[in-house]
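Colleague: The opening position of the sequence shown corresponds to residue 467 in the numbering used here, with each subsequent residue numbered one higher. Pasting a structure below so you can have a look.
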Amino acid sequence: VERLEKYKDDNDIFISFISNAKDFTETGKSGVLTAQVGLNTKSEYNTPNGIYTYPIAEVYDMYAGPSARRFKKFDVPFVKGMPKIAILRRKGKFINEIGEGRSYSRGNLAGDVKKMTLYAVPKLMKTLGVKNEMLMWMIVGSVIGYGMKESDNKGDGGQFWNASRLLGALIAQAGMVKKLDFEKKNTKRGIELYFRIGTSPKVSAFYFIVPDKKLTEGSKNWKKGMEVDEFEDYLDPQKEQKVSIKIKNDWFNYVEYTYGNDIVAANIINPSTEQKDKDGGNPYANAWANLLVNTGYDSIADRRGHGIIHRAEPVQAVFLSRRGYDVVDIIDNKSYKNKTPHAIDYKKLDSKEEKVEFIVNEIIENRYDPDKEDKELTAKGNSVLHSRMSTFYKACNDYKVKLDRDVLEEVIKKHPEAAVGMHHYTDDEKFLNYFYKWAFIEDPLQVKVLLELEKSKLDVDSLIFAMKEANEIKLGSGKIVTWVNRWYELKKEVPLKLQLAAIDIWPGSAKYFGDSKDLEAFEKILKSDQPDGIKGYFMNNSTKSITDFSKDPKFEIRVIDIIVNDYFKDLGSEFFKQLEKETEEERKNKLDEQYNYIIFNVFRRKLTSNGEKHLYNRMHNYKTQK
């Protein structure tokens, strides 16, 4: 305590709780940005990689002074498990208080928005193979604008933090996918241009609605008076197009104005804690930290506890690069305790009843006890229980403590969520899935958490089991489709037996099976007589045609008839009544529009010539069919 006291009034001193002093001070030889151990490059959390510290001026009293017991802002359970405290002196470029206007103002935000854009645009263009600089500026601007608008903390610092988080995620996603998909759609709103990075539902997606020329005649921005064809050409990813000097010079105002008006950020990627790069690090955390460093910051502090860096620990600071600090001293942690894990206590018990009671009472139903566990482990969207059980499972693995099957069965019957995290105990796929099914009998929603854990080893049979259990208690088809989507994200395929199981529950789910050419699955959709599934399948899978499934002309005619019958139903009787009042030429033009919509948007011009004729005749002979 005495060794901390002499720094308590120094605003440039920060402390970090560590396990090994030698590892903390060693760095790589290739430069100040390549600390091998000092900087955490394998973060498990949705935060940028770096050293997480606490400002001594704010936390000294909370840690060692009179307020240590009553002050709640500095309540960090893991510190008792760290034997050392590193004392760092801040240097370099930093944000002293991200939550206060006097330290980070609107002017700072405007400058950083420009810096982030100048860093991200060329990087993304190179990664994605895009030549159109103007397009990439607008995509980056839409992400920044979205991040600013959707930030939890509406201060300038909070907007900067969230915008940098989402832009970092975009850069990471681009690095993994390395491709920008571009598509044009004719919709009821007009022509829409879609840009997408990745194929799964949780991707960075952007769309642009081409406005009518009349709407842009008086416009003062880059769209003024453009024809539709000019818009499409202007935003072509392969067109060599520079961003205008006017937009560059007024970029911050453009970002604030453009949100929801030009390119719209339709589906922004949320960083995942489960995604790993080849070195075991989190690519989202890495990209976010690199973005902040290239924006000009070696460290960022939240001294007043605004919770911008992380709500769970509102008072903290993150050092993003090795050049941002000097190690002043490393001292003993007065709170450190050499703990005995729950796994050792469990090993001492004899009867099944004692062991079940111990797990339920001491781990599951007891509050998290930092004096008993080595490390808190978390998963996206999971509860504190998972942290405790995961730690218990991991300790059993580390200390070679065998868990009895009959004990686990009884525990999971009482608390099905206890199956989550079991992969920290064993990687035996058969063993794990046996207990997953026990959990699903009691609560099939546990599959949602297991699907977020790539190392859970959940197999397709267990997923199908959970889907059937969910259907039995009428949880709804929407949840089941979400689970199938997540499986596809992880495995990049949907096996036939999973397709068939999903179709049995809801035929419309077929539209998500983009790589299937199995006639067995498609026939199930046809037999269900739910055009929703058939229409969705072709609209979402532009590479597939009816002839991929069967060369029989009658098969194609049947599919077309199902779609047309459904389409007439959607148009409604009023449409046809109004059609009767039109001239013959007007009727033909309106029916041609409907024909073009189906052939372009549903079947993507994948019909045979006979199929196209049949579709045309069905549309224009509506009087005998409507």
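We put the beta carbon where it would ideally sit given N, CA and C, even for glycine.
1. Which residues share a DSSP beta bridge with S765?
2. In this structure, how does DSSP classify Q707 when only helix, strand and coil are distinguished?
3. Please report the distance separating the alpha-carbon of L1026 from that of L1057.
4. Quick one: using the 10 Å Cβ neighbour count with 16 as the cut-off for buried, is D1036 buried or exposed?
5. Excluding the 5 residues preceding and the 5 following L924 in the sequence, name in chain order all residues of the same chain whose CB lies nearer than 8 Å to its CB.
6. Out of V960, V867, F648, which one is the CA nearest neighbour of K813?
7. Within its chain, find whatever has a CB closer than 8 Å to the CB of L590; leave out the 5 residues flanking it on each side and keep chain order.
8. Quick one, which of D811, D816, D768, S817 has its alpha-carbon nearest F858's?
9. Can you have a look at F672 and say buried or exposed, based on whether 16 or more other CB atoms are within 10 angstroms of its CB?
10. Please report the residue range of the beta strand (DSSP E) in which P521 lies.
11. Kindly indicate which three-state DSSP category L601 falls into: helix, strand or coil?
12. Roughly how many angstroms separate the alpha carbons of V721 and N598, rounded to a whole number?
13. Hey, does V873 have any beta-carbon neighbour from chain E nearer than 8 Å?
14. Check A778 in the structure and name its three-state DSSP category.
15. Helix, strand or coil: which one does DSSP assign to T583?
16. Between the Cα of P1019 and the Cα atoms of K1079, D476, R777, V643, which residue gives the shortest distance?
17. Run through DSSP, which three-state label would T1049 get?
18. Kindly identify the DSSP beta-bridge partner or partners of A552.
19. Distance, Cα to Cα, D476 vs I553?
20. Does the distance from the CB of I766 to the CB of T513 come in under 8 Å?
21. State yes or no: is the C-beta of K472 within less than 8 Å of the C-beta of A523?
22. Is I796 near K550, with beta carbons less than 8 Å apart?
23. Using only the alpha-carbon positions, how far apart do T493 and W953 sit?
24. Would you mind sorting G944 into buried or exposed? The rule is 16 or more other CB atoms within 10 Å of its CB.
25. Bridge partners of I930, per DSSP?
26. Any heavy atom of the ligand SAM closer than 7 Å to the Cβ of E658?
27. Which of helix, strand or coil does DSSP assign to E858?
28. Residue ranges of each alpha helix (DSSP H) run of no fewer than 4 residues wholly in the stretch 883 to 911, ordered along the chain?
29. Straight-line CA distance for L632 to N756?
30. Looking at R555 and D622, is the spacing between their C-beta atoms short of 8 Å?
31. Take P521 as the anchor and find which of F560, V643, I479, S630 has the nearest alpha-carbon.
32. Please report the straight-line C-alpha distance between I484 and M548, rounded to a whole angstrom.
33. Look at D764 and F785 and say whether their C-beta atoms are less than 8 Å apart.
34. One question on the structure: do G577 and N619 come within less than 8 Å of each other, judged by their Cβ atoms?
35. What are the partner residues of Y414, as DSSP defines its beta bridges?
36. Note the first and the last residue of the continuous alpha helix (DSSP H) segment covering P1019.
Modeller: The structure says:
1. Within the sequence shown, the letter at position 299 stands for residue 765. Answer is F560, F785, bridged to S765.
2. Here residue 707 is taken as the residue at index 241 of the sequence shown, counted from 1. In the structure shown, Q707 sits in a strand (DSSP, three-state: E or B).
3. Position 560 of the sequence shown holds residue 1026. Position 591 of the sequence shown holds residue 1057. A small correction: the amino acid at residue 1026 is Ile; Leu does not occupy that position in the sequence shown. Each residue's Cα considered, the two are about 16 Å apart.
4. Reading the sequence shown from its first residue, position 570 is the one you call residue 1036. By the 10 Å Cβ count, D1036 comes out exposed.
5. Indexing the sequence shown from 1 puts residue 924 at position 458. Within the same chain, and ignoring the five residues on either side of L924 in sequence, the residues whose Cβ sits closer than 8 Å to its Cβ are L898, N899, Y902, V913, L916, L917.
6. Residue mapping note: residue 813 aligns to position 347 of the sequence shown, counting from 1. Ranking V960, V867, F648 by Cα distance to K813 puts V867 first.
7. To locate residue 590, count along the sequence shown from 1; it is residue 124. Counting only Cβ-Cβ distances below 8 Å, and skipping sequence neighbours, we find V596, M602, I605, V606, L636, I637, A640.
8. As a first step, residue 858 is located in the sequence shown; it is residue number 392 there, counting from the start. It is D811 whose Cα lies nearest to the Cα of F858.
9. Mapped onto the sequence shown, residue 672 falls at position 206. By the 10 Å Cβ count, F672 comes out buried.
10. Position 55 of the sequence shown, counting from 1, holds the residue named residue 521. 517 to 521 is the span of the beta strand (DSSP E), which, as asked, contains P521.
11. As a first step, residue 601 must be located in the sequence shown, where it is residue number 135. Residue state, collapsed to three classes: helix.
12. Residue mapping note: residue 721 aligns to position 255 of the sequence shown, counting from 1. Residue mapping note: residue 598 aligns to position 132 of the sequence shown, counting from 1. About 18 Å.
13. The chain inventory of the structure shown lacks chain E, comprising one protein chain alone.
14. Looking up residue 778 in the sequence shown gives position 312. Coil at A778, not helix or strand.
15. As a position in the sequence shown, residue 583 is number 117, starting the count at 1. Helix, per DSSP.
16. As a working note, residue 1019 is residue 553 in the sequence shown. Closest option to P1019, Cα to Cα, is K1079.
17. Along the sequence shown, read from residue 1 onward, the residue named residue 1049 stands at position 583. In the structure shown, T1049 sits in coil (DSSP, three-state: anything other than H, G, I, E or B).
18. Along the sequence shown, read from residue 1 onward, the residue named residue 552 stands at position 86. BP columns for A552 point to S482, I796.
19. Your numbering for residue 476 matches position 10 in the sequence shown. Your numbering for residue 553 matches position 87 in the sequence shown. Approximately 12 Å, taken between the alpha carbons.
20. Locating residue 766 in the sequence shown gives position 300, counting from the first residue. Locating residue 513 in the sequence shown gives position 47, counting from the first residue. In this structure, T513 does not lie closer than 8 Å to I766 by Cβ.
21. Sequence index remark: in the sequence shown, residue 472 carries index 6 (1-based). Sequence index remark: in the sequence shown, residue 523 carries index 57 (1-based). Taking 8 Å as the Cβ cut-off, K472 and A523 do not qualify as a contacting pair.
22. For the purposes of this step, residue 796 is taken as residue 330 along the sequence shown, with counting starting at 1. For the purposes of this step, residue 550 is taken as residue 84 along the sequence shown, with counting starting at 1. Yes. Within cutoff.
23. The residue labelled residue 493 in the question sits at position 27 within the sequence shown. The residue labelled residue 953 in the question sits at position 487 within the sequence shown. The pLDDT assigned to T493 is 44, lower than 50, so where the model puts this residue is not dependable; a value taken from the coordinates is nonetheless given after this. Approximately 39 Å between the Cα atoms of the pair.
24. Within the sequence shown, the letter at position 478 stands for residue 944. Exposed, because fewer than 16 other Cβ atoms sit within 10 Å of the Cβ of G944.
25. Sequence index remark: in the sequence shown, residue 930 carries index 464 (1-based). Paired residues: none, contrary to the question.
26. The ligand SAM is not part of the structure shown, which contains no ligands of any sort.
27. Numbered from 1 along the sequence shown, position 392 holds the residue referred to as residue 858. Just to set this straight, residue 858 is Phe in the shown sequence, not Glu. Here F858 sits in helix by DSSP.
28. Scanning the stretch 883 to 911 for uninterrupted alpha helix (DSSP H) segments of 4 residues or longer gives 895 to 908, listed from N- to C-terminal end.
29. By 1-based counting over the sequence shown, the position of residue 632 is 166. By 1-based counting over the sequence shown, the position of residue 756 is 290. Roughly 13 Å separates the two Cα atoms.
30. Along the sequence shown, read from residue 1 onward, the residue named residue 622 stands at position 156. Along the sequence shown, read from residue 1 onward, the residue named residue 555 stands at position 89. It is not a contact, given that the beta carbons lie outside the stated cut-off.
31. Taking the sequence shown and counting its residues from 1, the one referred to as residue 521 is at position 55. Of F560, V643, I479, S630, the residue nearest in Cα terms is I479.
32. On the sequence shown, position 18 is the one that residue 484 refers to. On the sequence shown, position 82 is the one that residue 548 refers to. Taking the straight line joining both Cα atoms gives about 5 Å.
33. Taking the sequence shown and counting its residues from 1, one reaches residue 764 at position 298. Taking the sequence shown and counting its residues from 1, one reaches residue 785 at position 319. A contact, by the Cβ cut-off of 8 Å.
34. Numbered from its first residue, the sequence shown carries residue 577 at position 111. Numbered from its first residue, the sequence shown carries residue 619 at position 153. Their beta carbons are not under 8 Å apart, which means G577 does not touch N619 by this criterion.
35. Shown here, the chain extends from 467 to 1092; a query on residue 414 therefore has no answer.
36. Within the sequence shown, residue 1019 is the residue found at index 553, counting from 1. Note, P1019: alpha helix (DSSP H), 1019 to 1037.
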